[in-house]
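S.K.: In this note's numbering, the protein residues as written are 970 to 1639.
No residue lacks a Cβ here, since even glycine has one placed at the ideal position from N, Cα and C.
I'd like to ask some things about the structure below.
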Amino acid sequence: MPARIQFSLGLQNTRTVYRSAPALLHQKQFFPLKISTLRGVFSTILLLISSAALGQFNNENNPRPSPDSNKELAYVLYDQNDFSRAAILLEDIVEANPKDELSYRRYLNCLIKTNQQEKAIKFVKKKIKKSPFPILYVVDECWVNTTFPDGPNKQKFTLRAEELKALIIEQLTVHAMEQMGQQHFAIALRFEQNELKNYAIEVLQSADQILGEEYPEISNKLAELYMETGNREKGLQRYVMLMLSGVPFESMKQVFETQVTDSIDYVVLQRLLLKQIEQNPEVTAFSEGLKWTFVKQGNWHAAFLYTRSIDKRLKENGERVFELGELCQSNGDYNVALKCFQYCIGLKETFFDPALAQAKWIDVTYDITMKGRPRVEDVIQLQKQMLAFEQNYGPQEASLFNALKYAQLLIRYDSLFGVTQESGKLSGSQQAINLLERYIDPTTHLRKISLAKVKMTLGDVLLSRGDVWTSELLYAQVEKDFTEEEMGQFAKFKRAELSFFRGDFDWASMQLEVLKSATTQLISNDAMELALVIIDNLGIDSNYTALTWYGKALLAEKQQLYKLANNYLDSITIEFPSHGLSDEILFVKARMSETTGDYVAAVNLLETLSIAYNFDILADNALYKLGMIYMYSLNQPEKAKAAFEKLIEKYSGSVYIVDARREYRKIRGN
């Protein structure tokens, strides 16, 4: 049955005609039904208020409820804020169909918007007399009385609204126990719908006084209203008490995600949770909530302490701590991440493979060692740890983290980790190939996605060694296995890059066009950047020489042939001055300078790029890389802060914006 006529369900045979709202309330005929009937009707009333009243009344995009031309026109006028003309049409519509709740609400609002409050009150009183459930319209009469414009009569009507509110609460109180607060909840929703949130709060508070705080629906709505009206501590207190009554933290987490919005909220919530932890240590929801606040604030050490205490108390064998370690690592707090994984390594019983925690510990150590300006002795120590792990555990799912990072280390320090065997010198990159090929062996029983990661890394290693054909074959296998997934999109991008390196710009463009809509922003961004390089520069010279040389330079960079790469880039600058590739050339040169440890040269190139090409697509990339070099390689946090700040202010849509904000907050100490 349509929601707009549900007020009358179950009430036809017991309807009482009332002269006015106060008379209605004092005659004790406010609820002319038996309690058993009311209980059956309540869900209908609530459905009307929550779905029809709140949804239809407030959603301007709903389909028109009737094809009637007058109604259509009235609704169009209403949507255009032409309330005077809409009111003329709506008056006839509601007169002809009193059960049309949407038209009723719109007509009432038109009268208020056009300062016809007295007419609105008369109109509502008619509804009160005719309605089988008049209290809803008494709420509306109360609302109308609060909308009078400033003038000599405003105070009189405001007092009238207060009287009506008091009478409503008085009568609700009579039946509160029988109705278990349901009528209170329904009427509070109606007040909220009418933007009288303080009145809604008073209605729910009256239910609280009678019923106590045992009803989650009432407590939750009351907390929400407190938060919305600025009484945030009371709101947070309510949410915490819901957890005490047995609501698990996971259920409250969504509420906190939307309601806890600033640093003061976090401080208040932490204080409330700490108090409950002291009084009710057995309720783990409070510790979980406290950990959540620390994570949201980036206070990873405090989050670790509370997560560890929960893990010990619930005997979860490191599950929460392991997850927190991964979260710390992804957010750049490597020291706390190490503590998390060290704790997991020390457990006698774990929910995960023992090798996994050890692999993650080494993974974090790798991130710490390689960030900024790595010292040779630290790199050698890291290589020993990774080699020992590989020798202890060998190819398996749990050791995949280590293998992929170890291969990258061997490639980057190709000559440093070369070893001499009977067959001759074995370079670091050849060791990486041998390592990854062991993981591809079917006997390792890797998951399909893990095997794809190994193939992608092996493709990169082979490319660095000049084996372009085998690299493309591996990328193609991954693309085929994961056609519609992120891994497949990444493989497609790698293949498009290879085509670009070879000078097949048309095929590369077609693949990159597809990847512009990739689900992962980073892949989409990289694809767009390379596609724009081709579009902007294809055909500038008749034989595509500059673009071809640029592709060869990028391939030489991949193969760590930095001198050759620089020669190609310099040739473009000499042969084609002021070419459209000038900003890309600066960026690639800066990237190679950083890789080879010439940070001053890298900074100079990036500074030039960020100033001279500040409207180009690489400007935000340059600022982010500039900030990272200043912060982690040159130890100049103020200059890093300036770079991140400029990125945040000028390039709010950048793919680096989240990371830049995080780094900026770190430098500021918050």
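Which residue wins for smallest C-alpha separation from Tyr-1362, given the options Ala-1324, Arg-1342, Leu-1467?
M.R.: That would be Ala-1324, whose Cα lies nearest to the Cα of Tyr-1362.
S.K.: Locate the alpha helix (DSSP H) running through Ala-1056, then write down its first and last residues.
M.R.: It spans 1052-1065 - the alpha helix (DSSP H) in which Ala-1056 sits, taken as one unbroken run.
S.K.: So which of Tyr-1076, Leu-1141, Val-1108 has the shortest CA-CA distance to Ala-1130?
M.R.: For the residues Tyr-1076, Leu-1141, Val-1108, the minimum Cα distance to Ala-1130 belongs to Val-1108.
S.K.: What number of angstroms, rounded off, separates the C-alpha of Ile-1004 from the C-alpha of Val-1143?
M.R.: Confidence at Ile-1004 is low in this model, with a pLDDT of 32, below 50, so the placement of that residue is unreliable and no value is reported for it.
S.K.: Do the CB positions of Tyr-1275 and Val-1290 come within less than 8 Å of each other?
M.R.: No.
S.K.: Determine the DSSP secondary structure at Tyr-1625, reduced to helix, strand or coil.
M.R.: Note: Tyr-1625 maps to coil in three-state DSSP.
S.K.: Buried or exposed for Val-1010, going by 16 or more other Cβ atoms inside 10 Å?
M.R.: The predicted position of Val-1010 is uncertain, since its pLDDT is 37 and thus under 50; a value taken from the coordinates is nonetheless stated next. So Val-1010 ends up on the buried side.
S.K.: Any idea what DSSP makes of Leu-1205, helix, strand or coil?
M.R.: Three-state result, Leu-1205: helix.
S.K.: Which runs of the beta strand (DSSP E) fall wholly inside the region 1342-1390 and span at least 3 residues, in chain order?
M.R.: Here the runs fully enclosed are 1388-1390.
S.K.: Decide if the region 1392-1408 is in contact with the region 1486-1498; the criterion is three or more beta carbon pairs, one per stretch, under 8 Å apart.
M.R.: With the cut-off at 8 Å, the region 1392-1408 and the region 1486-1498 do not touch.
S.K.: Could you tell me if Ala-1022 is buried or exposed, where buried requires 16 or more neighbouring beta carbons within 10 angstroms of its beta carbon?
M.R.: Confidence in Ala-1022 is poor, its pLDDT being 40 and thus under 50, which makes the residue's placement unreliable; the coordinate value appears in the next sentence. The residue in question, Ala-1022, is buried, as its Cβ has 16 or more Cβ neighbours within 10 Å.
S.K.: Are Ala-1496 and Leu-1550 closer than 8 Å when you measure CB to CB?
M.R.: Going by C-beta atoms, Ala-1496 is not nearer than 8 Å to Leu-1550.
S.K.: Give the list of continuous beta strand (DSSP E) stretches no shorter than 3 residues that lie fully inside the region 1420-1469.
M.R.: Within the region 1420-1469, no complete beta strand (DSSP E) run reaches 3 residues.
S.K.: Going by DSSP in three states, Leu-1603 sits in which element: helix, strand or coil?
M.R.: Coil at Leu-1603, not helix or strand.
S.K.: Identify whether Ala-992 lies in helix, strand or coil by the three-state DSSP scheme.
M.R.: Summary for Ala-992: the model assigns pLDDT 42, below 50, so the residue's position carries little reliability; its value from the coordinates is reported in the next sentence. Note: Ala-992 maps to helix in three-state DSSP.
S.K.: Along the alpha helix (DSSP H) that carries Ser-1038, what are the first and last residues, could you check?
M.R.: 1038-1048 is the extent of the alpha helix (DSSP H) around Ser-1038.
S.K.: Cβ of Leu-1538 within 8 Å of Cβ of Val-1557?
M.R.: Yes, these two residues count as a Cβ contact at 8 Å.
S.K.: So Thr-1542 is in the alpha helix (DSSP H); what residue range does that whole segment cover?
M.R.: Taken as a continuous stretch (DSSP letters only), the alpha helix (DSSP H) holding Thr-1542 covers 1531-1544.
S.K.: Can the beta-carbon of Ala-1043 be found less than 8 Å from the beta-carbon of Ala-1055?
M.R.: Taking 8 Å as the Cβ cut-off, Ala-1043 and Ala-1055 qualify as a contacting pair.
S.K.: Tell me which residues share the same chain as Met-1355 and place their Cβ nearer than 8 Å to its Cβ, disregarding the 5 neighbours each side in the sequence.
M.R.: Closer than 8 Å at Cβ, skipping near neighbours: Ile-1331, Tyr-1335, Asn-1371, Lys-1374, Tyr-1375, Leu-1378.
S.K.: Could you say which of Phe-1386, Ser-1232, Met-1600, Leu-1415 lies nearest to Glu-1366 if we only look at CA atoms?
M.R.: Minimum Cα distance to Glu-1366 is reached at Leu-1415.
S.K.: Taking Ile-1138 as the reference, give the member of Leu-1242, Leu-1128, His-1153, Asp-1436 with the closest Cα.
M.R.: Answer by Cα proximity: His-1153.
S.K.: Exposed or buried, which one is Asp-1119 when buried takes at least 16 other CB atoms within 10 Å?
M.R.: Burial call: exposed.
S.K.: Measure the C-alpha to C-alpha separation of Ser-1623 and Ile-1554 and round it to an integer number of angstroms.
M.R.: Looking at the two C-alpha atoms, the distance is approximately 21 Å.
S.K.: Using the Cβ count rule (16 or more neighbours within 10 Å means buried), how would you classify Leu-1491?
M.R.: With fewer than 16 Cβ atoms within 10 Å of its Cβ, Leu-1491 is classed as exposed.
S.K.: What number of angstroms, rounded off, separates the C-alpha of Pro-1282 from the C-alpha of Lys-1329?
M.R.: Sequence check: residue 1282 is Arg here, not Pro. So the alpha carbons of these two residues sit roughly 24 Å apart.
S.K.: Return the chain-ordered ranges of every alpha helix (DSSP H) run that is complete within the region 1224-1287 and spans a minimum of 4 residues.
M.R.: 1232-1248, 1253-1266, 1269-1283, all fully within the region 1224-1287.
S.K.: Would you call Ser-1100 buried or exposed, if buried means 16 or more other Cβ atoms sit within 10 Å of its Cβ?
M.R.: Ser-1100 is buried by the Cβ-count criterion.
S.K.: Between the C-alpha atoms of Asp-1231 and Ile-1586, what's the straight-line distance to the nearest angstrom?
M.R.: Their Cα atoms are separated by approximately 33 Å.
S.K.: In angstroms with no decimal places, state the Cα-to-Cα distance between Tyr-1519 and Tyr-1513.
M.R.: If you take the alpha carbons of Tyr-1519 and Tyr-1513, they lie about 10 Å apart.
S.K.: Can you name the residues that DSSP bridges to Leu-1595?
M.R.: According to DSSP, Leu-1595 bridges with nothing at all.
S.K.: Can you have a look at Asp-1051 and say buried or exposed, based on whether 16 or more other CB atoms are within 10 angstroms of its CB?
M.R.: So Asp-1051 ends up on the exposed side.
S.K.: So what's Leu-1491 in DSSP terms, helix, strand or just coil?
M.R.: In this structure, Leu-1491 counts as helix in the three-state DSSP scheme.
S.K.: With distances taken between CB atoms, is the gap from Tyr-1047 to Arg-1075 smaller than 8 Å?
M.R.: In contact: Tyr-1047 and Arg-1075 (Cβ atoms closer than 8 Å).
S.K.: Comparing C-alpha positions only, which one of Glu-1318, Phe-1320, Gln-1327 sits nearest to Leu-1307?
M.R.: Comparing Cα positions, the closest option is Gln-1327.
S.K.: Specify, as a first and last residue, the run of the alpha helix (DSSP H) that Asp-1177 falls within.
M.R.: Run containing Asp-1177: 1166-1180, per the alpha helix (DSSP H) assignment.
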